[in-house]
Each structure stands twice: as structure tokens, then as C-alpha cells.
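Chains P and F, in that order, give the protein sequences. Take the first sequence: its position 33, counted from the start at 1, is 33 in UniProt numbering, and no numbers get skipped. Take the second sequence: its position 541, counted from the start at 1, is 541 in UniProt numbering, and no numbers get skipped. Don't be surprised by glycine CBs; every beta carbon is placed ideally from N, CA and C. Data block below; observations after.
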Amino acid sequence: MSERKHTLSVLVENTPGALARIAGLFSGRGFNIDSLCVAETLDPTLSHLTLVTTGDDLIIEQIIKQLRRLVDVYKVVDVTEEGEFVEREMALIKVRAEKETRAEVLRMCDIFRCKVVDVSPRTYTIEVTGPQSKLQAVIELLKPIGIKEIVRTGVIAMRREKKNP
Amino acid sequence: MTGAQMIVEALKREGVEVIFGYPGGAVIDIYDELYRTPEIKHVLVRHEQGAAHAADGYARSTGKVGVCLVTSGPGATNTVTGIATAYMDSIPVVILTGQVPTKLIGNDAFQEVDITGITRPCTKHNFLVKRTEDLPRILRAAFHIARTGRPGPVLVDLPKDVQQGKAEFYWPEEIRLRSYQPVYDPHPRQVEKAYRLLESCTRPVVLVGGGVISSGAHEEVRELAERLHLPVTMTLMGLGGFPGSHPQSLGMLGMHGTYYANMAVANSDLILAVGARFDDRVTGKVDAFAPMAKIIHIDIDPTSIQKNVRVDVPIVGDCKRSLEKLLEIVKEVARPEKIWREQFKEWWEQIEIWKKRYPLSYKQEGEYIKPQFVIEKLYELTRDKAQSGEIIISTEVGQNQMWTAQFYKFDRPRTLITSGGLGTMGFGFPAAIGAQMGHPGKLVVDIAGDGSIQMNIQEMATAMEQGLPVKVIILNNGYLGMVRQWQELFYERRYSAVKFQVIPDFVKLAEAYGALGLRATRPEEVEPVLKQALESDRLTLVDIHIAPEEGVFPMVPAGRATTEMILV
């Protein structure tokens, strides 16, 4: 059985300790969390959590069942298994931008539709959103120019609606 | 109403009759309220671990929720072993812990500890109450979560200012938690599939686990087994879920299970597992477990299904309701008993051969008392009570536990109280106290080892104070016997740290507490001493000096296939 990345979408009661319970479930069983994003939903008593983890089918089945067993957890969906989905991540990248590279950085931003959100004489800070593959591509291209700092949010995901109902 | 008043009122409304606890600064307000509430009996233990185990023993023997009340900090941490024990065996217990005032939480205040953080992995759920007005709702939810679905321990942490605050008491009669909806009714199609497999198999085994006992499905198991003529084996937690003296019983399976139970499972073509979770002590090497069998697995907790072994027909639901549905089909189809009998005739012949070849056995000869002989004698002397459910046996953990599981025949559910999943030494005696509190009229016996009994022996004072006539039978071999047995078999007899240089004189110890102490050192003394203990109307400690190097057999070495038994 092969290991695969799974993106789980979890609805959980917005109570203190709920996140710790979920994180604890992973650490206590030696499962890894690749990425985790949490925020309130339209209903402020519920939080939505997007969790990316890696494992074979049996491990993922266990993870999902264990999550559902938590008293605070309202709903768990394995987005990866539910057909097509949209996935986005955001990163802030502070990149070195000296006289000879400033134009090059801006060109790159243009191509990838990034936004410059802060400018200093020696740096640009750019905002990039997209699927993980796009972020990875931007980072790889900016690396030779000189990345000073990166902050990434982790993935959020949503199922695509059926186009032909 | 003050928070403390609300807590006691909530306990009354939940039908709590007895609380096991130990006071301290952070729970004085609740204790003050209990002082005014004679209808709730409080049992003062000598160590908070004892309180947690006693609440657990009360819950296991009565089927009600056990309640334990302790103070913050060390009071709370002392219950952790008891909580983990209840969690592993799915026992409904509510643990109330005191906490420092909310404004001091996180300040390293005196006797502060993050007990909800500490117990998160070993409770079914836990709560930290932040506002007095939330108390009734949270306590209601705590009891509901503890006793429904797959039962388990729930901890409620109660800051001192929340206990002292005032608010209006609002009791929610109905409780609905949107994120917690256990499934009780099995999927009908899955039950049909299960029936079809039963109709087409030739070598079936029913595997009864603790879930049968907690859901009260023992009558259904028995009816199904008798109608279909199925052999039945039990896990340690399942003992009593099907009568051990029944001709279709194969006894316990697994590491110290019977030869015939393990052989039957290994050669079966269908396993009907009810409320059992396929623990590694049951399966042995998983890859070699029942290689030819299709598996039907009934469990209320979907997490248990497919966790350790592959399952062909998963049935998520309450064991009792699921078996009821299965029995409905059996009755509808009305296949004559003769046909079932015919279908499994050869299988039973094979099982009888295994039974004859290697029955559970030992030899009582020479000057040493064999522990198995003690258990058999105890069974002989209490057989009537065992069959009517008038005796409750608790055990400690280790060899004493396994000899009891092998040689005592548990016919009724909730008559064996033992720490299965966690294997907690020191569990049996406080659990016996809890069981005796729940069943004042029954005979309660704790079978102990000299190691285990010393882990919570201080609770003798508790038993004396409450006037509980618990009988403790110590199988004293001067060793940590089970570890010694492993060292003997797998570590070339390097007996590292398993022999106590000092063992107290248990008879004198009993007397020091005001209890009755008895001793047997020769085989012929066993019966009279047991009789005297069973007839005694007070706390009694029986120190029985057994053969020091006796082992528990059969044994499946850890990680081996269950067919690779050491029989000796």
C-alpha cells in the first residue's frame, strides 16, 4: 500500500482544547501533520480545519475514524477522496532586491501574479497565493536571487461543485 | 445557587448514590455541600488512585457511572492511572477534580496542574468549567458522554471560584450534543450478510469481548450460540459474557488462553467477534491470526473495526441491538436446529479432540500449594454463587489474574472485575471496594499477588472504615511472578529485580488494620482457610504461600502466532 498525501477537511466545535485534542491525536499515535489551518466558520460555534497528512490507506482510515471519535468533532471529509477540489496556500516571501535584481524580481511577480506588499531599498516582500505546486515554483525561482525569509500559511481546500448536475 | 450546590444537585439528578474521593483545598466547597447531603454517600479513600479504581469497580459491577472526587494538583494527578485503566477497558466514570481559581490558572499557582491537558489522551472527553452557570449543562454532558456509545471516563475540572460563584440552576432535561451521535442500530444489510456467512461456514467461532458485557448482550450471545450450536471463546474482558461452565464454552483465548480456544480460532473459517477489539494479547502475531477465517465484527466504536485485523463484514452498532437483529433473521429463516448441528458436526468433533488432548491442567502434589488448586477450590466452594451471580471476583494483575481467568468459571456478566487493557497492578483491591459498595449483599473477593496487593494496600483502612467484608486472597510466591516467568523463559533465568527481599507479614498487617488475617502454607490448609474466609463477615486477608516458581500455561510468547503455544 502506497503512502499518499491526503487533505482532510474537519468541522469542529469552537471550544478551547479542541485543537489540542486533534493535534494530540496525531502526536500520540505517531501520525504526522504536514500542514494545519484553522479558522472560525460562518457559524461562530464551529471551526473549520484543513489538515494535510501522509499515509497509506489503512493509516488514513484510522486517522479519519479517530478524528470522528473525538467528542468535539462534527464532520470529517477526506477531500482527496471526494473527487476534484481547489487547494490554496499563501506565502509571504522577503526576497533580496538590490539594484541589479530589482527588475528581475518584479518580472517574476508579474508572471506568477504575486503582489508586492512591502518595499525597502534592499528587499521586496511579496505575497503569493495558489496551489502548493505554484508556491514551490516561485520559491525555487527566487532562491538564486536570495530569499531572506518565508512565512507560509499551510493549505486550505474545498471541494469543487459538480458542473453537470 | 452556588456552584458547589449546583454540582451536588447535578449529582443527585444523575442518580449518584456514592462518591469515592479525597478532599483538599480546591474542593472544600463541594465537600461542605456533601456534608449537608446525606443521600449521597462519600467513601473516603487513602490515596486518590484508590478513589479512581473504586469508582471504576463500582461502575464495572453495577453498570452505572462511577464517580470520583479529588482536589487539584497532586490529587488530580494521582487519579491518572485509574483514569487510563477505565479508558482502556471502556468503563463509564466521571472524575471531578478541583482546580485553582480561574484567574490563577496558568500561573503555576499552589497545587495547580493542567489536568485536562494531562488526561486528554486517556479520557473519552474532558471539560474545564469556566463559568458557574455552565456547571449543570457540563455535568449533564459529562455523564451522558461517559455512559453512552462506547463508554469511558470523563473528567470535569472545577476551578475554586466557579464552585463559589452564584448563578441560576438550569437543568437540561434532554441532552443533545450535535458533534457526538453514537450509532446504536446496525445496518440491516450488514446483518444479513453476517447471517449468510453463518449459514455457509463450516468452522465458526464466536468471540465475545467486553462490549458484550457493557451493552448487556449476554442473553443474546447465549441464545444465538445455542440456536446455531456455535462454539464460543472469550477475551479476558469478555469472561462472564457467556457462561464459562456452558458446554459450548471454549474459555479464554489469546496469550494465556486455552489450547482448544486458540486452535479453534486458528483453524476457523468464520469468526463472529462481538464487542472485542482484537488486542495483541488476543491475536498474537497478527499476520498469522485466523488465516482462513472470514471475520464479522460487531462494535459500537467504528475505530475498533479494521484497526488490527482485516474485517469482512463490519457491523457498527450496539452489541445487544445488533445481535437482536441477527436473531430476528435466524428466527425468520427458521432453519431447523438439526441442520445447524449437522453443519458443524465435524467441527465439534475436531474441537473435542483438541479439548481432550490439552485440557487446562496442573498437578497438585508435594508440599507446595499450587495456585491453580487454590482457584479451583475457591470455585468449588462458591459454585452456586458463581452461577447465580452472587459473587464478584476482582483480580490484581499478573499471574494471579491469569490463573483466575483460566480456572474460575465466570457464568454471569459483571462478576469478573479486572484491568484488561492497561494491566494495572494495584487495581483489584480498590476496585473490590467499589464493587462491594455497589453490592452490599454480595460476596466480593479480590485475588491478588504479593506484588500487586502492596500497590494499594493502604485502602484496607477504607474498607475497614466502611465496614466492607471484602476477602483478599493473596497468592504469595515472593516474586513478581509474571516478570519472573518471562525472565525464566526468554531471558535465561536472569531474575533481575523480581524477588522482594522484604514482604510484610500479611496476617499481622491485616490485624494492624483491625481485619482478619489468615494463612495457609500447606495444601491441606487451603480448603479450611478459604472456608473460614468466605464465612467471615469482615475484611479478611488470606495469605496463601504458593509454589514459588509456578508458571501460567499455556502461553503464547509475545509476537508469536497463537498456534505456537508453550503448553508445559
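If the five residues before and after F/Glu-488 are omitted, its C-beta is found closer than 6 Å to no C-beta atom of its own chain. Using beta-carbon distances, P/Glu-81 does not count as an interface residue toward chain F, since no partner is under 9 Å.
The beta carbon of F/Asp-185 sits closer than 7 Å to those of Gly-317, Arg-321, all from its chain and outside the five residues before and after it, given in chain order. Counted as a single uninterrupted DSSP element, the beta strand (DSSP E) harbouring P/Glu-40 occupies residues 33–40.
Identification of chain P residues near F/Thr-521 by a Cβ-Cβ cut-off of 8 Å yields none; the smallest Cβ-Cβ distance measures about 47 Å. Contacts between F/His-125 and chain P, judged by CB atoms closer than 7 Å, involve Val-71 in chain order. DSSP places P/Ser-133 inside the alpha helix (DSSP H), whose first and last residues are 132–142. For F/Ile-296, no Cβ of chain P is located within less than 9 Å of the residue's own Cβ. If only complete runs of 4 or more residues are kept, the region 68–149 of chain F shows the alpha helix (DSSP H) at 74–77, 80–88, 115–119, 135–147, in order along the chain. Using a C-beta cut-off of 8 Å, the region 125–137 of chain P makes contact with the region 83–94 of chain P, since at least three inter-stretch Cβ pairs fall below that distance. Secondary structure remark: continuous alpha helix (DSSP H) runs of at least 4 residues inside the region 454–520 of chain F, in chain order: 460–466, 481–490, 506–512.
By the Cβ criterion, the region 398–411 of chain F is in contact with the region 371–378 of chain F, since at least three pairs of Cβ atoms, one from each stretch, lie closer than 8 Å. A straight line joining the alpha-carbon of F/Ala-386 with that of F/Glu-380 spans about 10 Å. Non-local beta-carbon contacts of P/Met-158 in its own chain, meaning distances under 7 Å to residues more than five positions away in sequence, involve Phe-85, Val-86 in chain order. Judged by their CB atoms, F/Ser-394 and F/Gly-50 are not nearer to each other than the 9 Å cut-off. Take the alpha-carbon of F/Gly-98 and the one of F/Thr-132: they are about 14 Å apart. When C-beta distances to chain P are compared with 9 Å, the residues of the region 168–181 of chain F below that value are Leu-177, Arg-178, Ser-179, Tyr-180, in chain order. Separation of F/Ala-432 and F/Tyr-362 (C-alpha to C-alpha, rounded to the nearest whole angstrom) is 28 Å.
Secondary structure of P/Glu-84 (DSSP, three-state): coil. Contact between F/Gly-240 and F/Arg-484 does not hold, since their C-beta atoms are separated by about 29 Å, which reaches or exceeds 8 Å. Within chain P, no C-beta atom comes nearer than 9 Å to that of F/Lys-103; the closest sits roughly 16 Å away. C-alpha of F/Thr-283 to C-alpha of F/Asp-299: approximately 17 Å in a straight line. By the neighbour-count definition (other C-beta atoms within 10 Å, threshold 16), F/Ala-510 is a buried residue. With a threshold of 9 Å between beta carbons, F/Ile-145 makes contact with chain P. Listed in chain order, the positions of the region 107–134 of chain F with a beta carbon within less than 9 Å of a beta carbon of chain P are Thr-116, Gly-117, Arg-120, Pro-121, Lys-124, His-125, Asn-126, Phe-127, Leu-128, Lys-130. Using a Cβ-Cβ cut-off of 8 Å, F/Lys-363 is close to nothing in chain P; its nearest Cβ partner there is about 46 Å away. Straight across, the Cα-Cα distance linking F/Val-526 with F/Ile-544 is about 8 Å.
Within chain F, the residues Thr-116, Gly-117, Arg-120, Asn-126, Phe-127, Leu-128 have their CB atoms less than 9 Å from the CB of P/Gly-17, given in chain order. Ranking F/Lys-370, F/Pro-182, F/Phe-407, F/Glu-396 by CA distance to the CA of F/Pro-359 puts F/Phe-407 first. With contacts defined by Cβ atoms closer than 9 Å, F/Cys-68 and F/Ile-138 do not form a contacting pair. Per DSSP, the beta-bridge partners of P/Ser-9 are P/Thr-50, P/Val-77. Taking one beta carbon from each stretch, the region 83–98 of chain F and the region 444–461 of chain F have fewer than 3 pairs nearer than 8 Å; the two do not touch. At least 9 Å separates the beta-carbon of P/Ile-63 from that of P/Thr-50. Among the residues facing chain F, P/Gly-55 is not included, as its CB has no counterpart in that chain under 9 Å away. Taking 7 Å as the Cβ-Cβ cut-off, the region 338–366 of chain F has no residue approaching chain P. P/Glu-61 and P/Thr-80 have their alpha carbons spaced roughly 13 Å apart.
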